[in-house]
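Working notes, beginning with the structure itself.
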Amino acid sequence: MAHEKTLGRIIALPKYDDPRGNLTVADGQGGIPFPIARTYWITDVPGGESRGAHAHRQCREILVAVSGSFCITLDNGERRETYHLKRPWEALLVETGVWRTLEDFSSGAVCLVLASLPFDEDDYIRQYDDYLQYLKENHTK
Ligand code: TYD
């Protein structure tokens, strides 16, 4: 059976353990594969809520649970993979054209996102039917 490429890629960021507290770095030397154009973070997610549920046409993103934990499910229209992010030095790379849903946020969880492009609503595909149509048109499965 052919080995199927994973939908996401975990990048181990450089981490400097210190008795005063630990420090993690995200930059080009540390394995971020694109220049970071934008950073945002998601906080105060009520229990049972989910975020995401969209794909991007061009934007690439790195997600990190800098505090607490959450699950992210990636979907390419054919198969799904769920990652449980729970360590501040573990970064998940999500490439363009992959549908993602974030859920199961722990209390106090902080999801940091590093994005390859500035915010652009036109870059979003927010309806799953539109996503399936996008896949058909782009043959990106
Ligand atoms: P959205 O990306 O839909 O959140 P989620 O990751 O849960 O899907 O963004 C929610 C709102 O925030 C939406 O109205 C757009 C706005 N927003 C910005 O203005 N700039 C940004 O960089 C981001 C990520 C969102």
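Taken in order, the sequence shown gives residues 807 to 947; the numbers are from this note's numbering.
Even glycine gets a Cβ: it sits at the ideal position worked out from N, Cα and C.
Since residue i and residue j are thought to touch, with beta carbons under 8 angstroms apart, how far apart are those beta carbons, to the nearest angstrom?
i    : j    : result
L880 : V900 : 6 angstroms
Tell me whether residue i, by its Cβ, gets closer than 6 angstroms to a heavy atom of the ligand TYD.
i    : result
F876 : no
Y934 : no
G903 : no
G914 : no
Y846 : yes
G858 : yes
F925 : yes
If you reduce the DSSP assignment to three classes, tell me which class residue i lands in.
i    : result
K811 : coil
E927 : helix
D910 : coil
D823 : coil
D833 : coil
E884 : coil
Using a 10 Å radius around the Cβ and a threshold of 16 neighbouring Cβ atoms, would you call residue i buried or exposed?
i    : result
L938 : exposed
A843 : exposed
Beta-carbon within less than 6 angstroms of residue i's beta-carbon, same chain only, minus the 5 sequence neighbours each way: which residues are those?
i    : result
R918 : A small correction: the amino acid at residue 918 is Leu; Arg does not occupy that position in the sequence shown. Contacts found: W847, V870 and V872.
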